[in-house]
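Right, one structure below, let's go through it.
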């Protein structure tokens with residue numbers, strides 16, 4: 001799954017019957033709003049994990065490999081992995097655009113752009 005930084009995202013986890021769903025990223029159980037009201041991750045009633053906004057910083061990043069575990073009194077099952085990748089563009093362009101371009105009305109204008 002590729003998501004732009006600060007955009008919302010949903011990772012789905014479906015289990016039948018009454019079960020408890022937990023989510024993990026790179027081997028660590030993650031916190032959601034049910035654990036910490038300040039979290040930007042919400043565990044939905046369906047078991048899916050909803051990100052209010054995907055974060056990417058040196059201190060905290062949502063990028064990684066996720067899986068869910070659904071459990072009840074009969075046991076537990078683990079989902080397949082889902083990798084969340086955060087798409088971003090650099091602050092600078094390799095080719096700086098000119099400050100002005102001219103084109104005839106109705107013609108095509110191509111702007112060189114290499115992020």
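Numbering (the UniProt record's numbering), first residue to last: 1 to 115.
Backbone N, C-alpha and C define an ideal beta-carbon position, used for all residues, glycine too.
query: Cβ atoms of residue 87 and residue 2: under 9 Å apart, would you say?
result: yes
Residue 2 - containing beta strand (DSSP E), residue span: 2-4
- prompt: For the candidate residues 69, 105, 82, whose alpha-carbon lies nearest to that of residue 19?
  reply: 69
field: Closest Cα partner of residue 79 within the set 35, 102, 22
entry: 22
query: Which same chain residues, not among the five before or five after residue 51, have their C-beta less than 7 Å away from its C-beta?
result: 8, 9, 40, 41, 62
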